[in-house]
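Accompanying notes for the structure given below.
Number of protein chains: 2
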Amino acid sequence: MESYDFILSVAIILAATKLLGMATKRIAMPQVVGALLAGLILGPACLGLLRETEFLNELSELGVIVLMFTAGLETDVKELKKSGGPAFLIALIGVLVPLAGGTALAALFHPGKEFLLQHLFIGVILTATSVSITVETLREMGRLSTRSGNAILGAALIDDVLGIVGLTLITSMADPTVSIFTVLLKIAAFFVLALVGGMAAHRLVDRLTGGPGRDRRRYAVLSLAFCMLCAYIAEVWFGVADITGAYVAGVIISNTNRTTYIASKCEGLSDMLLSPCFFASIGAKVVLPHMTLSIVLFSVLLMVWAIVSKIVGCGLGAKLCRYTNRECVQIGVGMISRGEVALIVANKGIATGLMTATYFGPVVIMVAATTIVTPILLKLVYKGRKDYGDLLQTDLVDHMEDVKDLEDAAQSVLDIHTNMLREGETHRESSSRDC
Amino acid sequence: MESYDFILSVAIILAATKLLGMATKRIAMPQVVGALLAGLILGPACLGLLRETEFLNELSELGVIVLMFTAGLETDVKELKKSGGPAFLIALIGVLVPLAGGTALAALFHPGKEFLLQHLFIGVILTATSVSITVETLREMGRLSTRSGNAILGAALIDDVLGIVGLTLITSMADPTVSIFTVLLKIAAFFVLALVGGMAAHRLVDRLTGGPGRDRRRYAVLSLAFCMLCAYIAEVWFGVADITGAYVAGVIISNTNRTTYIASKCEGLSDMLLSPCFFASIGAKVVLPHMTLSIVLFSVLLMVWAIVSKIVGCGLGAKLCRYTNRECVQIGVGMISRGEVALIVANKGIATGLMTATYFGPVVIMVAATTIVTPILLKLVYKGRKDYGDLLQTDLVDHMEDVKDLEDAAQSVLDIHTNMLREGETHRESSSRDC
Chain A
58 MESYDFILSV AIILAATKLL GMATKRIAMP QVVGALLAGL ILGPACLGLL
108 RETEFLNELS ELGVIVLMFT AGLETDVKEL KKSGGPAFLI ALIGVLVPLA
158 GGTALAALFH PGKEFLLQHL FIGVILTATS VSITVETLRE MGRLSTRSGN
208 AILGAALIDD VLGIVGLTLI TSMADPTVSI FTVLLKIAAF FVLALVGGMA
258 AHRLVDRLTG GPGRDRRRYA VLSLAFCMLC AYIAEVWFGV ADITGAYVAG
308 VIISNTNRTT YIASKCEGLS DMLLSPCFFA SIGAKVVLPH MTLSIVLFSV
358 LLMVWAIVSK IVGCGLGAKL CRYTNRECVQ IGVGMISRGE VALIVANKGI
408 ATGLMTATYF GPVVIMVAAT TIVTPILLKL VYKGRKDYGD LLQTDLVDHM
458 EDVKDLEDAA QSVLDIHTNM LREGETHRES SSRDC
Chain F
58 MESYDFILSV AIILAATKLL GMATKRIAMP QVVGALLAGL ILGPACLGLL
108 RETEFLNELS ELGVIVLMFT AGLETDVKEL KKSGGPAFLI ALIGVLVPLA
158 GGTALAALFH PGKEFLLQHL FIGVILTATS VSITVETLRE MGRLSTRSGN
208 AILGAALIDD VLGIVGLTLI TSMADPTVSI FTVLLKIAAF FVLALVGGMA
258 AHRLVDRLTG GPGRDRRRYA VLSLAFCMLC AYIAEVWFGV ADITGAYVAG
308 VIISNTNRTT YIASKCEGLS DMLLSPCFFA SIGAKVVLPH MTLSIVLFSV
358 LLMVWAIVSK IVGCGLGAKL CRYTNRECVQ IGVGMISRGE VALIVANKGI
408 ATGLMTATYF GPVVIMVAAT TIVTPILLKL VYKGRKDYGD LLQTDLVDHM
458 EDVKDLEDAA QSVLDIHTNM LREGETHRES SSRDC
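Which chain is which? The protein sequence lines are A and F, in order.
Residues 58 to 492 (this note's numbering) are what the first sequence spells out, left to right.
Residues 58 to 492 (this note's numbering) are what the second sequence spells out, left to right.
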């Protein structure tokens with residue numbers, strides 16, 4: 058006989074993450090906070106309804122792979138090349154300041170030169186900005202197309218890439234038998250192979266399927282298969298993190314014109330199953346008895362440093378690029394929020410032994426705090442008059458909403474037609490039977 | 058350290074099922090045949106690239122739950138009540154004939170009164186029609202709205218319900234310590250509870266969410282959670298099969314006006330991950346060494362009986378309802394194809410010990426054969442002139458295609474607007490920097 062507990066677990070996970078996500082959204086907080094909270098409440102730290110199972114862990118691993126793949130899909134390579142200079146400087150200083158501070162903080166609480174990699178890992182967790190919350194807030198306020206808004210978008214992109222490089226370097230160095238030279242060689246080899254192989258695979262698929270057909274689903278499933286393959290090859294053959302492989306797969310595919318459809322399909326998969334399982338498995342990893350006074354202090358400092366370091370680092374970068382003081386603060390605040398990526402990296406750290414479970418609680422708290430604080434601070438620093446460009450942008454957003462309504466209307470017409478079809482059939486049946 | 062094999066497995070499963078599905082579709086065969094073939098080729102019967110893992114089994118169990126949930130969502134209860142009489146008779150005889158013959162065939166090859174339940178189980182596998190292939194073929198030919206087409210639709214619906222009742226009865230009786238009376242009582246209790254509880258939950262959700270909002274995703278995820286909960290409760294509390302619970306959950310939710318959206322979300326989840334894993338796990342269960350001469354003979358007879366019994370049974374039912382001879386043959390042929398449901402039931406049989414792995418190969422062959430043969434035979438028996446009603450229906454289908462194109466156009470406009478937004482931002486940024 059089988060055990061059916063995993064079905065119940067999935068039911069509880071889906072319901073809890075969604076209901077709490079809806080609740081946080083209602084009080085103008087990001088849904089990710091609710092989902093995280095749900096995971097914490099269900100986990101051993103609170104109700105203890107969930108325990109870590111292999112099934113949940115593997116499902117959550119698929120979840121992070123799909124999340125990073127989608128992030129890769131949404132990377133606009135052309136935009137990245139264009140925004141270039143200033144964005145790069147903002148991102149670089151905005152990565153180095155939290156990295157240095159995080160490493161120092163970890164060294165302070167758990168001294169010892171032999172733990173250097175572990176200390177660096179805490180620093181790496183602090184680097185990756187999750188820009189989605191900022192983008193949502195700025196779009197709502199009609200401020201996305203300002204000079205500072207543009208700088209934030211560009212810097213967040215480069216920030217992602219730098220974070221991935223940092224993570225790749227540190228996980229590769231976790232194996233002490235390998236020299237740093239081999240590590241770098243392997244990483245370089247991976248990126249070259251991914252690029253060449255990806256382009257080749259892409260052309261092959263195009264030729265086989267013979268251009269855009271009616272059934273576009275095939276591309277989504279095949280792209281996902283490609284992403285999983287990249288993740289596996291990256292991890293097992295090159296010692297590069299699997300999520301790096303997934304991210305690179307996304308960037309490769311982002312150069313095709315079917316990206317929107319593939320991304321929406323992958324988001325569907327995430328929303329319906331994988332993402333809730335990821336948050337639940339995060340929650341299941343946070344254990345309360347480990348929260349000693351020292352850890353509580355560490356949590357508070359980590360949280361504060363996460364917020365301050367981005368404002369200082371990115372603000373400094375912006376200042377060097379001659380942004381106004383007001384813009385520097387706006388850019389710094391816009392880069393505060395850490396989201397899924399920090400959690401994914403921390404998760405990876407536990408899997409590779411680079412982070413002990415003790416530090417998991419503080420990281421989760423840091424992510425939740427930065428995510429909550431960002432929209433509040435953004436509203437404060439963006440107060441004031443709008444310029445003409447902003448208005449134009451708001452108009453465009455309104456236009457897009459109209460087109461979306463048009464789509465909905467088309468869907469309704471479709472439904473009506475379906476009903477007509479059905480009724481017509483029934484009618485004809487009864488009339489022909491009467492004859 | 059973790060093992061990453063499951064990621065590679067998922068990559069291979071997704072790529073193989075999709076590529077072979079595309080190949081079978083190109084030669085006008087249903088995609089399900091290709092997916093099944095992919096499972097067989099990957100499994101131990103052929104390449105041996107896949108082995109049964111707990112992860113794959115649990116993912117495939119989630120897959121069948123979602124598939125049966127979607128089937129429940131698509132059940133039109135009103136239509137079922139209307140088409141009533143004739144459809145019920147066609148379905149009933151069309152279920153009894155294969156059931157009796159299948160049971161007899163199994164008894165012949167593996168005699169013994171003590172195996173009665175096992176023999177009945179082979180019969181039950183033969184009962185469930187998978188009407189989707191017939192619907193697709195008839196729609197393509199513009200024959201869906203004919204008298205026989207209507208009869209097929211109605212009968213297939215009732216056929217599904219009868220199959221579920223049969224499966225529920227037989228799996229419940231598999232435990233010899235329970236009396237048939239208790240079994241029936243439990244089943245009745247389950248259906249009453251599901252109906253009352255489902256209605257209550259439905260009203261509660263409606264009140265909490267306050268009518269139709271913009272973010273319709275919440276309903277899809279919550280519905281899926283409800284489906285998983287029903288599946289678990291059915292299996293663990295009532296001894297009713299989990300897939301019955303999922304099907305009932307789908308029927309309960311099918312009474313709401315959000316069904317189309319929920320169904321499309323669940324289909325997305327199936328297409329992108331769960332359904333391929335289900336076919337792969339089916340393939341991984343077919344073991345070649347078990348295919349002795351006796352089993353090969355059994356396979357052939359099972360296949361032939363699967364085809365003949367539906368033509369005879371459903372045809373007889375149709376004749377009793379005074380359909381013309383030509384229509385009787387059309388209805389019988391339309392009911393031949395068995396699909397996912399037969400595989401799901403067989404899967405369940407192995408899990409509960411009601412079927413030995415030996416019979417799995419024959420069942421898979423039977424499903425593949427009936428699925429392939431149905432569209433070919435349908436084209437033969439529907440040859441001839443169309444009537445006015447058919448033309449009207451074809452027009453409506455064309456209309457629907459037009460509306461779909463409209464939707465695509467709206468999507469393009471959206472994309473253009475997105476680009477305009479982006480370019481506008483870049484332009485403003487550069488111009489404001491020049492000042």
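Quick reminder that beta carbons are idealized off the backbone N, C-alpha and C, glycines included.
Test: residue i CB closer than 8 Å to a CB of chain F
i	result
isoleucine 122(A)	yes
alanine 68(A)	yes
alanine 72(A)	yes
phenylalanine 112(A)	yes
glycine 129(A)	no
methionine 285(A)	yes
tyrosine 61(A)	yes
glycine 325(A)	yes
valine 134(A)	no
lysine 322(A)	yes
leucine 281(A)	yes
isoleucine 182(A)	no
Check whether residue i and residue j have beta carbons under 8 Å apart
i	j	result
alanine 73(A)	alanine 95(A)	yes
isoleucine 147(F)	glycine 374(F)	yes
valine 89(A)	glutamate 397(A)	yes
alanine 68(A)	alanine 258(F)	no
leucine 130(F)	alanine 320(F)	yes
glutamate 115(F)	phenylalanine 63(A)	yes
threonine 409(F)	alanine 163(F)	no
Neighbourhood of residue i by C-beta distance below 7 Å, restricted to the same chain and skipping five residues each side
i	result
isoleucine 122(F)	Cys284, Met285, Ala288, Asp299, Ile300, Ala303
threonine 178(F)	Just to set this straight, residue 178(F) is phenylalanine in the shown sequence, not threonine. Correct list, in chain order: Ile227, Gly406, Leu411, Met412.
tyrosine 445(F)	Only weak support exists for where tyrosine 445(F) lies, its pLDDT of 43 falling under 50; the coordinates are left without a value.
isoleucine 221(A)	Thr301, Tyr304
Alpha-carbon spacing of residue i relative to residue j, whole angstroms
i	j	result
lysine 239(F)	threonine 225(F)	Sequence inspection shows threonine at residue 239(F); the lysine mentioned does not correspond to that position. Spanning the two alpha carbons is a distance of roughly 13 Å.
tyrosine 61(F)	glycine 120(A)	14 Å
leucine 242(A)	glycine 296(A)	11 Å
glycine 255(F)	glycine 307(F)	10 Å
phenylalanine 247(F)	arginine 83(F)	44 Å
isoleucine 182(F)	leucine 219(F)	12 Å
alanine 245(A)	alanine 251(A)	10 Å
tyrosine 380(F)	alanine 161(F)	30 Å
glutamate 197(A)	alanine 185(F)	52 Å
leucine 201(A)	lysine 436(A)	13 Å
valine 438(F)	arginine 395(F)	19 Å
aspartate 133(A)	glycine 142(A)	16 Å
Below-8 Å beta-carbon distance, residue i vs any chain A residue
i	result
methionine 198(F)	no
glutamate 384(F)	no
alanine 524(F)	In the structure displayed, chain F extends from 58 to 492; residue 524(F) sits before or after that span and is not available.
lysine 376(F)	no
leucine 104(F)	no
valine 297(F)	no
aspartate 328(F)	yes
alanine 497(F)	For chain F, the structure presents residues 58 to 492; residue 497(F) sits outside this window and is missing.
glutamate 109(F)	no
Close Cβ partners of residue i (< 6 Å) along its chain, the five nearest in sequence each way excluded
i	result
glycine 391(A)	Thr191, Ile209
cysteine 371(A)	Ile147, Gly151, Ile388, Gly389, Met392
alanine 341(A)	Gly100, Leu107, Glu109
Rounded Cβ spacing between residue i and residue j (contact assumed at less than 8 Å)
i	j	result
valine 420(A)	alanine 403(A)	5 Å
lysine 212(F)	glycine 151(F)	Here residue 212(F) turns out to be alanine, not lysine, going by the sequence shown. About 6 Å; that satisfies the 8 Å criterion.
phenylalanine 355(A)	phenylalanine 112(A)	About 32 Å; that fails the 8 Å criterion.
proline 333(F)	leucine 71(F)	5 Å
Nonlocal neighbours in the same chain, by C-beta distance under 8 Å from residue i, ignoring five residues either side
i	result
valine 369(F)	Val154, Gly389
arginine 260(F)	none
isoleucine 98(F)	Ala73, Leu77, Leu104, Gly340
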